[in-house]
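Residue numbers (this note's numbering): 214 to 589. Following: one structure in structure tokens, then a few remarks.
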């Protein structure tokens, strides 16, 4: 069991002033806030053992900047709190509801732009699904991590346009809007996972499918599995069909981006019957194997911290994005109803997990992975 460090922060007036200044100036990715500054060891000095100056040597490799101490009573970190994994589907310029589609899963580009600004102003910062699963959450002190996921590979999410011979993300797409926002606010992050069905039209627009996927991967986005043809898993009665659909999607990605493996899966329409559920996680078809490390549920509530004792990577809850027709438990609803104290609030140091003492029982210490647990 990891050693638990119960800390009492008695800070000098000057350090408190610095901490307050950093916290209330907003969540910037630099500098990070967390551990107290440590003095450099003997190897950092330019002295040999005899005390004489060492001969000239090559330029030393820069060391990682130490993380300043925070005032926990001001920041109130809670790294066992909830994290919203947002589920997006359709993006359009304008939308008229019909009796077949009332717009619950559709977002306009203008509303998405407003959403990014709202999230930024409320101290949310994007992280990748991989970092979430690996408990490698690195956002500034006082900020709240959030994960974007996009299902179905629709062109409103992302498509390429040809500008003077160069393929770029269409500014009238979620990715194009995110890129533009990131240029203005790089500390917000540019992260997200796209769950695609590569047997259907995917990100239709300019360029080949290979160019589209590579563009996303090169930008740091992740590609996840959503079956080859977006089959209805709830109605599937064949283990062979499940394995075929997931494997074909993986095979196609591997052919387009050699070596790329999709390790997370988004359920199309929900889970199959209980006796078939193991094939959603792991299986093979015609020599192509897959092993999903995480499975995304259809959205309704926030996910748990990766150090929470009830965390289950095979059942990641998601929050539905706010559509044209708002509904209870969509993102706008949760932004109104989920208190800051219930959410994962970062201490700014990815090497420590800081929580209120009263939440200690919620932590699975086996999930700390060597990180220092701090209570206050």
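All C-beta atoms, glycine included, are put in the ideal place defined by N, C-alpha and C.
- Message: Taking only three categories from DSSP, how would you classify residue 216?
- Response: At residue 216 the pLDDT is 41, less than 50, meaning the model places this residue with poor confidence; the figure from the coordinates comes in the next sentence. Coil.
- Is the segment 440-460 close to the segment 509-520, with three or more CB pairs under 8 Å? no
- Item | Assigned secondary structure, residue 244 (DSSP; H/G/I helix, E/B strand, else coil) | Note that residue 244 has pLDDT 34, beneath the 50 cutoff, so the model's placement of it is unreliable and the number below is only indicative. Residue 244: coil per DSSP, three-state reduction.
- Query: Beta-carbon separation of residue 505 and residue 315 under 8 Å?
  - Reply: no
- Beta-ladder partner(s) of residue 507, from DSSP: 477
- Item | Coil, strand or helix - residue 556 by DSSP | strand
- Helix, strand or coil at residue 585 according to DSSP, with G and I counted as helix: In the structure shown, residue 585 sits in a strand (DSSP, three-state: E or B).
- Find the nearest neighbour of residue 332 within the set 346, 345, 391 and 292, judged by alpha-carbon distance. 391
- Message: Extract the residue ranges of the beta strand (DSSP E) inside the segment 420-453, only unbroken runs of 3 or more that lie entirely within it.
- Response: Runs of the beta strand (DSSP E) spanning 3 or more residues and lying entirely within the segment 420-453 occur at 435-438, in chain order.
- Item | Cβ shell of residue 373 (< 8 Å), same chain only, five flanking positions each side left out | 380, 381, 382, 383, 416, 418, 419, 420, 424, 425 and 428
- Query: Hey, would you say residue 460 sits closer than 8 Å to residue 503, going by beta carbons?
  - Reply: yes
- Task: State whether the segment 561-573 contacts the segment 284-304, with contact taken as three or more CB pairs (one from each stretch) at a distance under 8 Å.
- Result: yes
- Query: Under 8 Å between the Cβ atoms of residue 561 and residue 354?
  - Reply: Yes, they are a contact pair.
- Item | Closest by C-alpha distance to residue 432, when choosing among 409, 410, 455 and 402 | 402
- Message: So the candidates are 584, 308, 366 and 335; which of them puts its Cα closest to the Cα of residue 411?
- Response: Cα-wise, what sits closest to residue 411 is 366.
- Task: Report all residues from its chain with a CB closer than 8 Å to the CB of residue 395; omit the five preceding and five following residues, and keep chain order.
- Result: Around residue 395: 401, 402 and 403.
- Residues in its own chain within less than 8 Å of residue 406 by CB, not counting five upstream and five downstream? Beyond the five residues adjoining it in sequence on each side, residue 406 comes within less than 8 Å, by CB distance, of 341, 342, 360, 361, 362, 363, 434, 435, 436, 437 and 477 in the same chain, given in chain order.
- Write down the C-beta distance between residue 535 and residue 527 rounded to the nearest angstrom, noting that I regard them as a contact closer than 8 Å. Not confirmed; about 27 Å, so no contact.
- Query: Considering only residues of the same chain and omitting the five flanking positions on each side of residue 349, which have a CB-CB separation below 7 Å?
  - Reply: Beyond the five residues adjoining it in sequence on each side, residue 349 comes within less than 7 Å, by CB distance, of 563 in the same chain, given in chain order.
- Relative to the C-alpha of residue 550, which residue among 284, 288, 287 and 297 is closest? Of the candidates 284, 288, 287 and 297, the one whose C-alpha sits nearest the C-alpha of residue 550 is 297.
- Item | Which listed residue (347, 492 and 322) has its alpha carbon closest to that of residue 368 | 322
- Query: The beta strand (DSSP E) spanning residue 351 covers which residue range?
  - Reply: Membership of residue 351 in any beta strand (DSSP E) is not indicated, and neither H nor E is assigned to it by DSSP.
- Message: When you measure from the CB of residue 528 to every non-hydrogen atom of the ligand SAH, does any distance come out below 7 Å?
- Response: In the structure on display, the ligand SAH does not appear, and there are no ligands present to speak of.
- Item | Same chain only: Cβ atoms within 7 Å of residue 582, ignoring 5 sequence neighbours per side | 348
- Item | With 16 other Cβ atoms within 10 Å as the buried cut-off, status of residue 263 | Reliability of the predicted coordinates at residue 263 is poor, the pLDDT of 38 falling under 50, and the value obtained from them is presented with this limitation in mind. When all chains shown are included, residue 263 counts as exposed.
- Item | Rounded separation between residue 587 and residue 521 - CA only | 15 Å
- Query: Around the Cβ of residue 553, are there at least 16 other Cβ atoms within 10 angstroms (buried) or fewer (exposed)?
  - Reply: exposed
- Message: Quick check: the Cα distance between residue 484 and residue 375, rounded to an integer number of angstroms?
- Response: Rounded to the nearest angstrom, the gap between the Cα atoms of residue 484 and residue 375 is 39 Å.
- Query: Terminal residues of the continuous alpha helix (DSSP H) containing residue 392?
  - Reply: 387-397
- So what does DSSP say about residue 568, is it helix, strand or coil? strand
- Taking Cβ to Cβ, would you say residue 529 is nearer than 8 Å to residue 496? no
- DSSP bridge partner residues for residue 496 (one or two, in chain order): 503
- Query: By how many angstroms is the C-alpha of residue 518 removed from the C-alpha of residue 458?
  - Reply: Using only the alpha carbons, I get a separation of about 30 Å.
- Please list, in chain order, all residues of the same chain as residue 469 whose beta carbon is under 7 Å from its beta carbon, the five residues on each side excluded. 422, 423 and 426
- Per-residue burial, residue 525 [other beta carbons within 10 Å of its own, 16 or more giving buried]: exposed
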